[in-house]
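Undergrad: Sequential numbering of the sequence shown, starting at 266, is according to the numbering used here. Note that beta-carbon positions come from the ideal geometry of N, C-alpha and C, so glycine has one too.
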Amino acid sequence: FVLIIKAMRHLEVSIISPMRMIGPGVTALVAAAFLGESLQFGEWLGILLLLIGVYILEIKTNASLNQKGAHDDFKYLYFVFGAILIYAVTSNLDRFVLSRYDFEPLAYSAIENILICVNLLILLLVFRNKKGFSDIKHGVLSSWGWFVLASLFTVGYRLAQANAVSMTNIGLAVAIKETAPFFTILL
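Set out below in structure tokens:
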């Protein structure tokens, strides 16, 4: 999450979004390698089509990055790749824990969200700006309703994802989750 936000700060969404779409393919490959999940012909074909689609969409992007002389911005693409790899590994760890230790998805989601909160608080303490926590306090006080709504939706989607991951092939669960940008555009 933090890596994608950092990349979004320096790159256009039109550059980042196509690259993020290889995430389900990478997750499926990691699941095949480490969890022993088998990939059928259609899934291999889907991964190939993802790579071809991202390549076609990124041809224009790479040309525009070279034309603008934005070689410094190019390094932020590594943040996107890092985020994809971290997501693939953590999604497979979710699947491993949920299936191996027979965790209930609700309990797992609760523990996961608490740990994410702790990690983000540590990051805030380490990387806070000169104003300290006054920016955070102002943001929360002026937009608390939106924070509550966003957090409810986030917990809801994470719970749904934990349920999906516990029931089916990780590549399928992640691929369905990654249709969210399409529905976001429709809304």
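Which residue comes first and which comes last in the alpha helix (DSSP H) that contains residue 344?
TA: It spans 342 to 365 - the alpha helix (DSSP H) in which residue 344 sits, taken as one unbroken run.
Undergrad: In chain order, what residues of the same chain lie with their CB nearer than 7 Å to the CB of residue 443, ignoring the 5 residues before and after it?
TA: Within the same chain, residue 443 has close Cβ partners 286, 288, 289.
Undergrad: Do the stretch 270 to 282 and the stretch 338 to 357 meet, that is, are 3 or more Cβ pairs less than 8 Å apart?
TA: Result yes; three or more Cβ-Cβ pairs closer than 8 Å.
Undergrad: Quick check on the burial criterion: 16 or more other C-beta atoms within 10 angstroms. Buried or exposed for residue 291?
TA: So residue 291 ends up on the buried side.
Undergrad: Is the CB-CB distance between residue 312 and residue 294 below 9 Å?
TA: Yes. Within cutoff.
Undergrad: Starting from residue 438 and walking both ways along the alpha helix (DSSP H), at which residues does that stretch end?
TA: Per DSSP, residue 438 belongs to the alpha helix (DSSP H) from 435 to 442.
Undergrad: What residue range does the alpha helix (DSSP H) around residue 286 cover?
TA: Run containing residue 286: none; DSSP gives neither H nor E here.
Undergrad: Tell me the rounded alpha-carbon separation between residue 301 and residue 377.
TA: Computed Cα separation, rounded: 24 Å.
Undergrad: Report the rounded CA-to-CA distance for residue 307 versus residue 437, giving the unit in angstroms.
TA: The straight-line gap from Cα to Cα measures roughly 12 Å.
Undergrad: Please list, in chain order, all residues of the same chain as residue 431 whose beta carbon is under 7 Å from its beta carbon, the five residues on each side excluded.
TA: Same-chain partners within the cutoff: 363, 364, 370.
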